[in-house]
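With full-length UniProt numbering as the guide, the letters of the sequence shown map in order to residues 1 to 227.
For each residue, glycine too, the CB sits at the ideal point set by N, CA and C.
Every value quoted in this text rests on a predicted model; they were computed, and no experiment measured them.
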Amino acid sequence: MNTGCLIKRNLNLNGIVSEFTHEKREFTCKKGQQFIMEGAPVNGLFFILSGKVKVFRTGINGREQIVRFANSGEIIGHRGFGTQEYYSIGVMALEDTALCYFSKDNLQKVLLTAPNFTYDLMLFYANELNRSEAKVKSISQMTVRERVIDALIYIERKFGQKNKFLDIVLSRREYANYAGTTEEQVIRVFSALKKDNLIDTKGKRVQIIDSSFLKREISEHNFYLDS
Numbered sequence: 001m002n003t004g005c006l007i008k009r010n011l012n013l014n015g016i017v018s019e020f021t022h023e024k025r026e027f028t029c030k031k032g033q034q035f036i037m038e039g040a041p042v043n044g045l046f047f048i049l050s051g052k053v054k055v056f057r058t059g060i061n062g063r064e065q066i067v068r069f070a071n072s073g074e075i076i077g078h079r080g081f082g083t084q085e086y087y088s089i090g091v092m093a094l095e096d097t098a099l100c101y102f103s104k105d106n107l108q109k110v111l112l113t114a115p116n117f118t119y120d121l122m123l124f125y126a127n128e129l130n131r132s133e134a135k136v137k138s139i140s141q142m143t144v145r146e147r148v149i150d151a152l153i154y155i156e157r158k159f160g161q162k163n164k165f166l167d168i169v170l171s172r173r174e175y176a177n178y179a180g181t182t183e184e185q186v187i188r189v190f191s192a193l194k195k196d197n198l199i200d201t202k203g204k205r206v207q208i209i210d211s212s213f214l215k216r217e218i219s220e221h222n223f224y225l226d227s
């Protein structure tokens with residue numbers, strides 16, 4: 001199991017979480033496969049062992065709105081866990097992704113018996129709420145160019161670079177669905193950024209040439225979060 005996930009960090013809590021992990025179910029999703037359906041009943045939580053996914057919900061006129069991206073060690077489906085009966089989001093693998101799944105019943109059992117794990121999960125929820133609130137506030141004040149730049153900085157911070165390009169392949173539409181704009185606007189902004197020698201592209205791959213300059217351009221919004 002990935003060493004960065006909440007379960008791994010709490011494995012030795014009186015043997016309770018260790019026993020809990022034996023009840024997990026592991027499986028693999030192929031690229032493009034959706035493993036959480038929006039509106040489906042909530043049955044538990046998913047943890048990413050390896051790979052990358054996008055978390056989205058259906059917006060106005062059925063348009064996809066990407067809420068966030070996630071990779072190894074992160075929790076998926078937590079927004080539905082607890083009082084909600086149905087997932088408010090859908091999740092799709094962006095590359096072949098290995099996951100482990102814990103049922104709602106098993107999670108409730110360990111939360112009642114492992115206070116350190118419960119506290120760790122509570123902090124995770126608090127951080128998620130802070131990030132969501134900060135994003136909503138910042139994006140509402142950004143221009144289209146700033147939202148696209150913010151998306152690029154977020155992707156770089158989240159996944160890093162590989163062979164000089166961002167270590168994730170996204171379509172222009174996916175950038176638009178995260179930035180809250182249109183595919184045409186993303187293409188225009190990318191063209192302008194390439195002209196200014198701030199980014200470069202090769203097919204769907206994007207290289208950020210001067211991330212410091214891009215950060216300064218959106219610095220007044222003060223939206224630099226860890227993930």
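- Between Y101 and F46, the gap from beta carbon to beta carbon is short of 8 Å.
- Counting along the chain, the unbroken alpha helix (DSSP H) around N177 starts and ends at R172 to A179.
- Restricting attention to L152, P41 and V189, the CA atom closest to the CA of S211 is found in L152.
- Residue pairing by DSSP places I208 opposite I199 in a beta bridge.
- About 31 Å separates the beta carbons of Y119 and M37, which is beyond the 8 Å limit, so they are not a contact pair.
- Per DSSP, E38 lies in no alpha helix (DSSP H) segment and is marked neither H nor E.
- Only residues of its own chain outside the window of five on either side were considered, and among them I66 and A151 have a CB closer than 7 Å to the CB of Y178, listed in chain order.
- For G90, the beta-bridge partners assigned by DSSP are F56.
- G51 and S219 have their C-alpha atoms roughly 30 Å apart.
- At the C-beta level, T181 and V136 stay beyond 8 Å of one another.
- When C-alpha distances from T28 are compared across N43, F69 and L94, the shortest belongs to L94.
- Under DSSP, the beta-bridge partners assigned to A98 are T28 and S50.
- DSSP places E64 in the strand class (E or B) of the three-state scheme.
- G32 sits close to M92, with the two beta carbons spaced by under 8 Å.
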